Every structure is written in structure tokens, then in C-alpha cells.
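Note sheet for the following structure.
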Amino acid sequence: MSDPIAFDDPGYRRPILFIHGFPLTRAMWAGQVAGLQGVARPIALDLPGHGSSPARADGHTIDDLADACVHLLDQRGVTEPAVICGLSMGGYVAFALWRRHPQRVAGLVLCATRAGADTAAGRAGRDTLAAAVAERGIEAAVEAMRPKLLAPATYQERPELVARVEQIMRATSSAGAIADLAAMRDRPDSTPTLATITCPTLVIHGRDDQVMPVAEAETIAAGVPHARLVVLDRAGHLPNLEQPERFNAALSLF
Ligand code: MLT
1304 MSDPIAFDDP GYRRPILFIH GFPLTRAMWA GQVAGLQGVA RPIALDLPGH GSSPARADGH
1364 TIDDLADACV HLLDQRGVTE PAVICGLSMG GYVAFALWRR HPQRVAGLVL CATRAGADTA
1424 AGRAGRDTLA AAVAERGIEA AVEAMRPKLL APATYQERPE LVARVEQIMR ATSSAGAIAD
1484 LAAMRDRPDS TPTLATITCP TLVIHGRDDQ VMPVAEAETI AAGVPHARLV VLDRAGHLPN
1544 LEQPERFNAA LSLF
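Numbering-wise (my numbering), the sequence shown opens with residue 1304 and increments by one.
Here it is in C-alpha cells:
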């Protein structure tokens, strides 16, 4: 019989890839990267044209963004399936990643997103905002998104978070934002994809989301076999920033 040996071994941790929304950066996931170290291997990326990742000369599509995510996983040596967590535009990328690389997906976390494509009015709105960004820079996107990204209570009670979100948005380049707007305008309808999703799926939405109503999350959860829906009170379009503890708890349980 050998002597008892003391040791620390964090063991295997499932990789979880965090994909930010428009016009944000990986900085929006700082609370998840720090908070989930003990239960997972959190990886957050800046999509092309956001934060520290340069924009592509010829723009990008949502499919390109999904492929960029898989390329990063390859680069990081993540060959086993990962949990893919996308918020809003990041959710559109997560749907594309599932369609294009299902073998890389261990589970999906779809936050503050929708399955449907843009309406005609929505597509026109993308072009209007892209023209404004081309003329005035990223500030035009900041002005458009600032009043609706957070819950009404967050604007009243957490001015430091409002300022932080503005700062994150300003780290996106004009070229990146313009490419995103074209990519979102042209993205396919993911509604038919929902029934094909066989991996474990968690849908998280803020009850006070002013960009996408909770009904969008309910549609996703109803369409994906065995999806679980979590609606967070006192959270808007960025529930991971507005309610980080409850968001992380839902993710840890998942
Ligand atoms: C986002 O937060 O990523 C965007 O609001 C998504 C969208 O405009 O469709």
C-alpha cells in the first residue's frame, strides 16, 4: 500500500466558446471568462473587425464568422466538441456553426437572439446604419445601440455599466461594423435549423430586452428538441453583463 499523496487536479474542463454581439467585443464576456474558470475552459474571441482582430479586406458573412470560430478552436488545439455560446449576432453565428460544423458542437447556448431572418424593413435599416457608420464612424452605431442594449432599470441604476458598454462598442472598427450589418442583413432564416439541433441547448434571454422580445427566445426553445429556457429578470439585451451571477449559474448548471 502506498503512502497518501496530496494533489491538486482541476481535471478535464469542457471548452466553451463565447461569441459576442453587434457592435461589441470579447470584453463583454470578461465576467464569464473569469467566473467559469473552475467549471469549464472559457474561450472568448473578437470577431473580425472587432476589438483586437483586424477587419477582413473583403468583409464577411455570418458563415465566414462561424468558420473563423472553428479556425480559432483549431488554433487553440480544441479538437473535441465545444459548447458554443453566442449572444444576439453571436447567436446567428452559433446557428451557422451548427449547420456547417455540427461535429464541433457539444452544446449550444443561445442568448438574446432570434432564429428568423431580417424583414424587408430590417434589411433597409441595416443599410441605413451602414451608410451612417461609413460617414460618421463607429459613433453612429454606438448612438443607435446605446439606448436599447440594456434594461430600463440598468440605465437608471448602473451608469458605470452603461459607460462600460459604450467603451466596448467603441473598440469595434467601422469596417467591422459595416461588414456585420451586411452579414446580418443577408443571413438565412434559421427557423428550419431549430428542429435539426440534437445537442443540449440552453436559451437565455433578458425579460426586459428592448432589441428582441422574449417571444423570440420562446420560439427557439419551442423549436429545438429538449431545449431549456431561462429568462432573467432585470436584464435587457446583455443579460451576461446585467445579471452575471445568475447568467453564470445557469451556464454552470448546463
Ligand atoms: C446584436 O446585438 O448583435 C444585434 O442587435 C443583432 C441584430 O441587430 O440583429
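Glycine included, C-beta positions come from ideal geometry on N, C-alpha and C. Model, not experiment: these values are computed from the prediction.
query, result
"Residue ranges of each beta strand (DSSP E) run of no fewer than 3 residues wholly in the segment 1309-1366, ordered along the chain?", "1318-1322 and 1344-1348"
"Does the beta carbon of Gly1352 fall short of 7 Å from some heavy atom of the ligand MLT?", "no"
"Between Arg1429 and the rest of its own chain, which residues show a CB-CB distance below 8 Å, the 5 nearest in sequence each way excluded?", "Asp1421, Leu1484, Ala1485, Met1487 and Arg1488"
"Please name the residue or residues paired with Gly1509 in a DSSP beta bridge.", "Leu1535"
"For His1527, which residues of its own chain have a beta-carbon under 7 Å away from its beta-carbon, when the five flanking residues on both sides are left out?", "Just to set this straight, residue 1527 is Val in the shown sequence, not His. For Val1527, where only same-chain residues beyond five positions count, the Cβ hits under 7 Å are Leu1497, Ile1500 and Thr1504."
"Rounded to the nearest angstrom, what separates Gly1334 and Leu1348 at their Cα positions?", "14 Å"
"Among the candidates Ala1466, Met1472 and Ala1553, whose CA atom is the shortest distance from the CA of Gly1509?", "Ala1553"
"Name the DSSP bridge partner or partners of Gly1389?", "Ile1322 and Leu1413"
"DSSP three-state call for Thr1522: helix, strand or coil?", "helix"
"For Glu1408, does the three-state DSSP call read helix, strand or coil?", "Reading the sequence as shown, one finds Val at residue 1408 and not Glu. Note: Val1408 maps to strand in three-state DSSP."
"Exposed or buried, Ser1305, counting other C-beta atoms within 10 Å across all chains shown (16 or more means buried)?", "exposed"
"Rounded to a whole number of angstroms, what is the C-alpha to C-alpha distance between Glu1442 and Ala1415?", "23 Å"
"Consider the C-beta atom of His1363 and the heavy atoms of the ligand MLT; say whether any pair is separated by less than 7 Å.", "no"
"Look up Thr1494 in the DSSP assignment and say whether it is helix, strand or coil.", "helix"
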